[in-house]
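Participant: The structure follows.
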Amino acid sequence: MQLVVDYPILNALVLVASVALYAAAYQQPTPPLKRQERRNITGVMEGHDFILNSFVAALAIPPLLITLIEVYLILSRYSLHSEISFGSRSAHSTVWNYHGAPSVYLTPLRILGLAMMGVGAVIRLVCFRTLGKFFTFFVGVQKDHQLITSFPYSVVRHPSYGALLLTQPGAVLAHGLPGSWLYESGLLFSRPWAVIYWAYGFLLVYHATWIMHVRVLQEDKMLKEHFGKEWEEWAKDVKYRLIPGVY
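Structure, rendered in structure tokens:
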């Protein structure tokens with residue numbers, strides 16, 4: 039028997055908190071690098087600003103929209119037992135009753151997915167704050183660039199990328215399992231919607247894997263060339279790129 043966590047207000051708060059952190063973690067914290075400061079490397083995220091922004095939006099927006107729908111449905115169901123109104127029946131049925139499922143709820147696996155999203159997002163936000171103006175979505179070296187080695191860069195060399203190994207698989211877990219709107223509404227039992235969702239899930243996981251195998255090596259090479267001995271000493275002290283004790 040599956041454990042179900044079905045406390046409407048608590049569920050809504052957990053969903054909102056996790057997706058708010060997730061969305062914040064995909065916002066560029068600084069203006070894009072100037073063209074002359076970018077490194078000429080291969081990758082889908084290294085082209086025009088529009089391509090980068092579109093790609094990041096494709097990663098961030100779907101979980102946000104799905105969560106907003108889930109929160110609306112949770113609060114709508116809660117309003118049936120209270121004096122608070124969160125929408126009309128017609129609006130509710132528009133986003134809900136595909137197969138007549140009873141409710142949106144949390145399960146241990148969904149909670150794990152939401153926790154992965156939240157924890158990974160917090161790690162990225164800490165990285166934003168630590169690097170300050172040196173945190174950009176493009177690979178490059180700024181005019182007055184400094185090698186930042188304080189926490190969390192004293193634990194692994196690329197903590198913000200390691201965080202993607204939490205946020206992106208977490209989003210797939212949180213929104214594609216029993217208890218989620220996509221599952222309970224029956225949309226994931228429709229072949230077109232199932233193909234779209236799992237293709238999107240593959241994109242999320244593939245992007246995190248690509249970051250792990252390609253971009254960290256590109257950045258290490260760039261930083262080593264620019265900082266020389268300073269980088270080598272840091273890499274000697276901080277041996278792991280993404281996951282402490284693993285890689």
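Numbers given in this note's numbering equal positions in the sequence shown, counted from 1, plus 38. The C-beta atom is built at its ideal place from N, Cα and C for all residues, glycine as well. All values reported here derive from a predicted model rather than from experimental measurement.
State whether the segment 193 to 205 contacts the segment 150 to 168, with contact taken as three or more CB pairs (one from each stretch) at a distance under 8 Å.
Facilitator: Because the criterion of three Cβ pairs below 8 Å is met, the segment 193 to 205 and the segment 150 to 168 touch.
Participant: So, for V276: in the same chain, excluding its five sequence neighbours on each side, which residues have a beta-carbon less than 8 Å away from its beta-carbon?
Facilitator: T187, Y191, S192, V193, V194 and R195
Participant: For L203, which residues from the same chain have a beta carbon less than 6 Å from its beta carbon, with the 5 sequence-adjacent residues on both sides left out?
Facilitator: A246
Participant: If I follow the unbroken alpha helix (DSSP H) through K259, where does it start and stop?
Facilitator: V254 to F265
Participant: Alpha carbon to alpha carbon, how far is G239 from G151? Give it in angstroms, no decimals.
Facilitator: Here the alpha carbon of G151 sits roughly 13 Å from the alpha carbon of G239.
Participant: State buried or exposed for L48, treating a residue as buried only when at least 16 other CB atoms are found within 10 Å of its CB.
Facilitator: exposed
Participant: Among the residues of its own chain, which have a CB less than 7 Å from the CB of Y64, if the five just before and after it don't count?
Facilitator: V94, L97 and A98
Participant: So what does L144 bridge to, in DSSP terms?
Facilitator: V43
Participant: Express the C-alpha separation of R279 and V252 in angstroms, rounding to a whole number.
Facilitator: 12 Å
Participant: Kindly indicate which three-state DSSP category L242 falls into: helix, strand or coil?
Facilitator: Note: L242 maps to helix in three-state DSSP.
Participant: If distances are taken between C-alpha atoms only, which option among I112, F227, L59 and D44 comes closest to M154?
Facilitator: L59
Participant: Ignoring anything shorter than 4 residues or poking outside the segment 213 to 238, list the alpha helix (DSSP H) runs there in chain order.
Facilitator: 219 to 222
Participant: Leaving aside the five residues before and after W269 along the sequence, list all residues of the same chain whose C-beta is less than 7 Å from its C-beta, in chain order.
Facilitator: L185, L261 and K262
Participant: Assuming the contact rule is C-beta atoms closer than 8 Å, W219 and I149 should be a hit. Round their C-beta distance to whole Å, please.
Facilitator: Not confirmed; about 16 Å, so no contact.
Participant: Taking only three categories from DSSP, how would you classify L97?
Facilitator: helix
Participant: Out of curiosity, what's the CA-to-CA distance linking G217 and G208?
Facilitator: 15 Å
Participant: Sorted by chain position, which residues of the same chain lie with C-beta nearer than 8 Å to Y285's C-beta, five sequence neighbours on each side aside?
Facilitator: M250, Y278 and R279
Participant: Going by C-alpha to C-alpha distance, which of L71, I234, I107 and K274 sits closest to H183?
Facilitator: L71
Participant: Please state if the CB of Q66 and the CB of T174 are separated by a distance shorter than 9 Å.
Facilitator: Yes, the pair counts as a contact, with Cβ atoms nearer than the cut-off.
Participant: According to DSSP, simplified to helix, strand and coil, what is G138?
Facilitator: Low confidence applies to G138: its pLDDT is 43, below 50, so where it sits in the model is not reliable, and the reading given next is rough at best. Of the three classes helix, strand and coil, the one that applies to G138 here is coil, per DSSP.
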